[in-house]
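Numbering-wise (the working numbering), the sequence shown opens with residue 921 and increments by one.
As structure tokens, the structure follows; a few thoughts come after it.
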Amino acid sequence: MKKFLVALSFFTRIPINIKSEVSEDEFYSSMALLPIIGFVIGSCLYGVGYLLGDINKEISAFLLVVFYIWITGGLHMDGFMDTLDGILSNRDRERVFEIMKDSRIGAFGAIGIILLIIGYLIAFKYSTAISILIMPIIGRSCALIATSLSEYAKDTNDMGRKFVESMGRKERVFSLLFTVGIIVLFDYIYLIPFAICLIITYVLLRWFRKQLSGMTGDTVGMMIELIQVIFLFGAYLTYSIGGF
């Protein structure tokens, strides 16, 4: 339970009071619970969507995006922007890391975040409540799976390294089984867009390895955000084309 609360306090803005001191091992091992944190975030989004009821779809989608950014603190969106600024700068590897570390937003990051938010607005407008609930689980599960299959890109001994190196086969299997279990519990048809997301996760991992020689905390954030939008569109197309 303590690891869950640690992860919840780090990855969300939900107020958590952890009375005892958190060790370094507890902190990094808690990150393996990312898919469960995704379920919490998804449940909150589901609840907000329910409260919004039958109001205008555009307004509802906008408020869901605002709530999502609030509850996550924009943590992964920051990584999304940093990764785009760095990799698309077309510089050498070390310079890319310097750009990713820069707190200022570059042109690629700004354009990317605008497109991402537009993607969320469109996707939330047409998505079912269940697909929105599952979305944060998919994004975090795919990112965790990719991290467990990757090396840390930088030569530094920082928090990102410890996070990447703490993810292995056990965490990968747990993430996959938990996600599949949740999908089957609600609607097995979401296994199709999940499978598509896993393929795209592999493609992104290959790209990060080619550009950076591995994963970083920022690339984890980018993968979460990108995969989530892809899942929502994939779920919508699955229902539309399949006639479910």
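Note that CB positions come from ideal geometry on N, CA and C, so glycine has one too.
Would residue i and residue j qualify as a contact pair, given that the criterion is a beta-carbon distance under 8 Å?
i: Phe924; j: Ile956; result: yes
i: Val1149; j: Tyr1040; result: yes
i: Ala1049; j: Tyr966; result: yes
i: Asp1138; j: Gly999; result: yes
i: Ile989; j: Met997; result: yes
i: Lys1074; j: Phe1151; result: no
i: Ile1102; j: Phe931; result: no
i: Gly1169; j: Leu995; result: The requested residue 1169 is not part of the displayed model; the chain covers only 921 to 1164.
i: Ile1054; j: Gly969; result: no
i: Ile1037; j: Gly1026; result: no
i: Leu972; j: Ser963; result: no
Using CA coordinates, which residue listed in the options is at the minimum distance from residue i?
i: Ser929; options: Thr992, Lys1090, Ser980; result: Thr992
i: Leu984; options: Cys1117, Phe1114, Gly1029, Ala1043; result: Ala1043
i: Phe1094; options: Leu1125, Val926, Met951; result: Met951
i: Ile1057; options: Ser980, Leu1111, Gly1026, Arg1013; result: Leu1111
i: Phe1098; options: Gly1026, Ile1065, Gly1006, Leu1035; result: Ile1065
i: Asn937; options: Tyr948, Lys922, Leu1053; result: Lys922
i: Ser904; options: Ile1033, Glu1091, Tyr1072, Gly1032; result: Any answer about residue 904 is impossible in this case: the structure gives the chain only from 921 up to 1164.
i: Ile1031; options: Phe947, Ile1161, Leu1004, Arg1024; result: Leu1004
i: Ser949; options: Trp1127, Thr1136, Gly1088; result: Gly1088
i: Ile1161; options: Gly1059, Ile1109, Val1104; result: Ile1109
Please report how far the alpha carbon of residue i lies from the alpha carbon of residue j, in whole angstroms.
i: Asn1010; j: Lys1021; result: 16 Å
i: Ala1063; j: Ala927; result: 15 Å
i: Glu941; j: Leu953; result: 19 Å
i: Ile1116; j: Ser1068; result: 19 Å
i: Phe1153; j: Ile934; result: 28 Å
i: Pro1113; j: Tyr1156; result: 9 Å
i: Tyr1072; j: Phe987; result: 32 Å
i: Leu862; j: Ile1033; result: Residue coverage of the chain in this structure runs from 921 to 1164, which leaves residue 862 outside it and unanswerable.
i: Arg1024; j: Arg1015; result: 15 Å
i: Gly1134; j: Gly1006; result: 14 Å
i: Ile1105; j: Gly1059; result: It is Leu, not Ile, that sits at residue 1105 in the sequence shown. Those two C-alpha atoms are separated by around 18 Å.
i: Thr1136; j: Lys939; result: 30 Å
i: Trp1127; j: Phe947; result: 29 Å
Which whole-angstrom value describes the C-beta separation of residue i and residue j, a residue pair presumed to lie in contact below a C-beta threshold of 8 Å?
i: Phe1028; j: Leu1008; result: 4 Å
i: Arg1013; j: Leu1124; result: Between Leu1124 and Arg1013 the Cβ distance is about 17 Å, and since that is not below 8 Å, they are no contact.
i: Arg1129; j: Ser1086; result: The Cβ separation is near 19 Å, so there is no contact.
Shorter than 7 Å, the distance from the beta carbon of residue i to the closest heavy atom of the ligand ZN, or not?
i: Ile991; result: This structure lacks the ligand ZN, and indeed carries no ligand of any kind.
Using a Cβ-Cβ distance under 8 Å, would residue i count as near chain B?
i: Leu1124; result: Chain labels in this structure do not include chain B; a single protein chain is all it has.
Counting pairs of Cβ atoms below 8 Å between the region 1079–1091 and the region 970–977, do you hit three or more?
No, the region 1079–1091 does not touch the region 970–977.
Can we say the region 1115–1128 touches the region 1138–1149, given the rule of at least three CB pairs closer than 8 Å?
Verdict: yes, contact present.
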